[in-house]
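Per my numbering, residue 0 is the first one in the sequence shown, and the count goes up by one each step.
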Amino acid sequence: MRILALESYYGGSHKAFLDGWISRSRHDWTLLTLPPSKWKWRMRHSAITFAERVNALAESGGGWDAIFCSDMLNLAEFVGLLRPELQRLPRIAYFHENQLTYPVRFESERDYNYVMTNATTALCADAVWFNTHFHRDEFIDEMRKFMKRMPDEKPIKPLDAIPPKSQVKTPGIGVPSPVKNERKPGPLRILWAARWEHDKNPEDFFAAMTKLKKRGTDFRLSVIGEQFRDMPEVFEHAKTEFADRIDRWGYQPSRGEYIEALHEADVVVSTADHEFFGISMVEAIACGAYPVLPDRLAYPEVVSTIETFGQDDFLYDGKVASLVAALDRLAWRIKEDNLWLGNPHRGITAMQRFAWDKRATAMDDAVDEMISKN
Numbered sequence: 000m001r002i003l004a005l006e007s008y009y010g011g012s013h014k015a016f017l018d019g020w021i022s023r024s025r026h027d028w029t030l031l032t033l034p035p036s037k038w039k040w041r042m043r044h045s046a047i048t049f050a051e052r053v054n055a056l057a058e059s060g061g062g063w064d065a066i067f068c069s070d071m072l073n074l075a076e077f078v079g080l081l082r083p084e085l086q087r088l089p090r091i092a093y094f095h096e097n098q099l100t101y102p103v104r105f106e107s108e109r110d111y112n113y114v115m116t117n118a119t120t121a122l123c124a125d126a127v128w129f130n131t132h133f134h135r136d137e138f139i140d141e142m143r144k145f146m147k148r149m150p151d152e153k154p155i156k157p158l159d160a161i162p163p164k165s166q167v168k169t170p171g172i173g174v175p176s177p178v179k180n181e182r183k184p185g186p187l188r189i190l191w192a193a194r195w196e197h198d199k200n201p202e203d204f205f206a207a208m209t210k211l212k213k214r215g216t217d218f219r220l221s222v223i224g225e226q227f228r229d230m231p232e233v234f235e236h237a238k239t240e241f242a243d244r245i246d247r248w249g250y251q252p253s254r255g256e257y258i259e260a261l262h263e264a265d266v267v268v269s270t271a272d273h274e275f276f277g278i279s280m281v282e283a284i285a286c287g288a289y290p291v292l293p294d295r296l297a298y299p300e301v302v303s304t305i306e307t308f309g310q311d312d313f314l315y316d317g318k319v320a321s322l323v324a325a326l327d328r329l330a331w332r333i334k335e336d337n338l339w340l341g342n343p344h345r346g347i348t349a350m351q352r353f354a355w356d357k358r359a360t361a362m363d364d365a366v367d368e369m370i371s372k373n
């Protein structure tokens with residue numbers, strides 16, 4: 000099959016997703032992209048820009064069996080600008096995130112024009128893919144609530160078309176080896192691998208580290224993840240407070256060093272207030288890190304296939320005290336060389352369901368099925 004892929008924001012998880020899938024896909028791809036900057040402008044102009052490019056390619060002999068795009072494209076606008084023969088192609092929209100429930104610090108910052116773009120894209124697509132069940136259910140539920148708030152002509156009934164064509168297609172991961180390296184001696188090594196932004200709730204994470212320190216619990220700390228110009232102040236304070244415990248600090252300069260940091264970790268922690276999937280968590284677990292995650296968002300389904308023993312506590316109640324208690328227990332288990340209670344490969348084995356070879360095949364099959372139905 001020949002697939003036309005359009006990515007209006009070709010960076011981060013969006014780029015990793017397409018690169019991972021295309022490099023392992025049995026289909027033939029034409030990939031058109033735009034730089035990962037000025038996301039609002041990308042959502043506004045990409046339909047026009049891509050339509051111009053695609054029409055030109057078609058005029059010179061290009062042809063496809065399906066169109067694939069992410070949530071960053073106004074798919075309805077794009078299709079309306081295409082040559083008539085291209086408008087009949089089946090369309091898949093993949094939602095990495097959405098602009099209705101994507102976290103903002105203040106609700107007044109949310110631009111509902113982009114919420115409507117997501118809605119019309121989902122309506123225009125023949126298949127709508129989400130990265131988790133949590134994301135799919137939240138999007139559908141919140142979109143209905145959003146439309147009910149509109150002043151008149153509330154387009155609630157059309158939204159009924161979205162659930163029947165919605166599927167969950169998790170992204171894949173590419174971790175070099177499923178084997179956990181031999182652990183170096185030392186105390187519990189705790190990893191933070193999330194973006195340095197407020198929606199990841201770093202305040203609770205470092206509050207837990209402070210409490211562990213005051214309790215006399217020995218631990219080492221690696222705080223990696225993508226950084227931005229406007230990052231929470233708590234990171235600077237923490238860098239000073241935990242200076243004598245830090246192994247790694249800041250965004251890792253290469254994929255190799257990032258993977259090394261994951262392999263070094265005993266425990267990977269999240270305190271996030273919002274997470275549509277959590278690729279860094281999945282990759283860390285696949286490298287052997289024990290997950291300690293809040294019992295909310297996408298996390299329960301991510302760890303649902305890890306075999307559990309009696310003392311396992313992959314999920315905590317989201318409160319700092321519960322996180323501290325969980326990490327304290329794991330610090331004792333490290334001393335006894337029994338973090339995973341006798342089977343250190345449980346997490347590694349469970350995360351293999353996200354391996355790109357498996358995910359690419361599954362999504363290729365889904366594309367074939369969608370095309371055959373259309």
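Glycine is no exception: its CB is placed at the ideal position from the N, C-alpha and C atoms.
Fair warning: this is a prediction, and the values are worked out from it, not measured in the lab.
May I ask you to report which of helix, strand or coil DSSP gives D229?
D229 falls in the coil class under three-state DSSP.
Run the CB neighbour count on S45, radius 10 Å, all protein chains shown included, and call it buried at 16 or more, exposed below.
The residue is buried, with at least 16 neighbouring Cβ atoms inside 10 Å.
How many angstroms separate the CA atom of E84 from the CA atom of N373?
Each residue's alpha carbon lies about 14 Å from the other.
Please classify W128: does DSSP put it in a helix, a strand, or coil?
W128 falls in the strand class under three-state DSSP.
Determine the burial state of Q98: buried for a count of at least 16 other Cβ atoms within 10 Å of its Cβ, exposed for fewer.
Flag for Q98 reads buried.
Quick check: the Cα distance between M362 and F94, rounded to an integer number of angstroms?
About 14 Å.
Short check: CB of T120 to CB of A92, under 8 Å?
Yes; because the gap between Cβ atoms is below 8 Å, this pair is in contact.
What beta strand (DSSP E) runs, 3 residues minimum, are completely inside the stretch 285 to 317?
Counting only runs of 3 or more, we get 289 to 293.
Quick check: P162 and F276, are their CB atoms within less than 8 Å of each other?
Contact flag unset, no.
Answer yes or no: do Y298 and L314 have a C-beta to C-beta separation smaller than 8 Å?
Contact flag set, yes.
Taking the straight line between their C-alpha atoms, what separation do you get for W38 and E96?
Distance between the alpha carbons of W38 and E96: 13 Å.
Looking at the structure shown, is Y93 part of a helix, part of a strand, or coil, going by DSSP?
Y93: strand per DSSP, three-state reduction.
Output the boundary residues of the alpha helix (DSSP H) element that contains V266.
Where V266 is concerned, there is no enclosing alpha helix (DSSP H), although the beta strand (DSSP E) it sits in stretches over 266 to 268.
Please work out which residues of its chain come closer than 8 Å, Cβ to Cβ, to K168, disregarding the five sequence neighbours upstream and downstream, and give them in chain order.
Excluding residues within five positions, the ones whose Cβ falls inside 8 Å are Y93, W128, F129, N130, R358, A361, M362, A365.
Which residue wins for smallest C-alpha separation from V53, given the options M42, I66, R43, R41?
Ranking the options by Cα distance to V53, first place goes to I66.
Give every residue of the same chain whose Cβ lies closer than 7 Å to the Cβ of W355, excluding the five residues on either side of it in the sequence, and list them in chain order.
Only G19, R23, G171, I172, G173 meet the Cβ criterion.
What is the rounded straight-line gap between the Cα of K183 and the Cα of Y8?
Spanning the two alpha carbons is a distance of roughly 40 Å.
Does the beta carbon of E263 sit closer than 8 Å to a beta carbon anywhere in chain D?
Considering every chain present, this structure includes no chain D. It has just one protein chain.
Considering only the alpha carbon of each residue, which of T116, A75, D151, A207 lies closest to K318?
Nearest option by C-alpha distance: A207.
Thinking C-alpha only, which one of A55, C68, G79, A264 is nearest L3?
Nearest C-alpha to L3: C68.
Between the beta-carbon of M350 and the beta-carbon of A285, is there less than 8 Å?
Contact flag set, yes.
In the DSSP assignment, what residue or residues form a beta bridge with C68?
According to DSSP, which records beta bridges pairwise, C68 is partnered with L5, A92.
Could you work out which residue in T304, T270, G309, A283 is closest to L292 when comparing CA atoms only?
For the residues T304, T270, G309, A283, the minimum Cα distance to L292 belongs to T270.
Mapping DSSP to helix, strand and coil, what is R247?
Three-state result, R247: strand.
For A50, which option in F77, K238, T239 has the closest C-alpha, if you only look at C-alpha atoms?
Selected option, being the one with the closest Cα: F77.
Starting from V78, trace the beta strand (DSSP E) in both directions and tell me its first and last residue.
V78 -> not in any beta strand (DSSP E); alpha helix (DSSP H) instead, spanning 74 to 79.
Would you call the stretch 300 to 314 and the stretch 190 to 198 touching, i.e. three or more CB-CB distances under 8 Å?
With the cut-off at 8 Å, the stretch 300 to 314 and the stretch 190 to 198 do not touch.
Going by beta-carbon coordinates alone, are L190 and V268 separated by less than 8 Å?
A contact, by the Cβ cut-off of 8 Å.
Go through its chain and collect everything with a Cβ distance to W248's Cβ below 7 Å, but skip five positions before and after it.
Counting only Cβ-Cβ distances below 7 Å, and skipping sequence neighbours, we find V222, K238.
Expressed to the nearest angstrom, what Euclidean distance is found between the alpha-carbon atoms of E368 and R25?
When rounded, the distance between both Cα atoms is 14 Å.
Between the C-alpha atoms of R308 and R332, what's the straight-line distance to the nearest angstrom?
It is worth fixing the name first, because residue 308 is Phe in this sequence and not Arg. Distance between the alpha carbons of F308 and R332: 14 Å.
Under three-state DSSP, which class holds I155?
Looking at I155 - three-state DSSP - the assignment turns out to be coil, as it is neither helix nor strand.
Put L99 into one of helix, strand or coil per three-state DSSP.
DSSP places L99 in coil when its eight states are reduced to three.
According to the Cβ coordinates, are A330 and L187 closer than 8 Å?
Cβ distance < 8 Å, so A330 and L187 count as in contact.
Counting along the chain, where does the alpha helix (DSSP H) carrying I189 start and finish?
Run containing I189: none in the alpha helix (DSSP H); it sits in the beta strand (DSSP E), 187 to 191.
Between G346 and I305, how many whole angstroms is the CB-CB distance? I'm expecting something under 8 Å.
That pair is a contact at about 5 Å.
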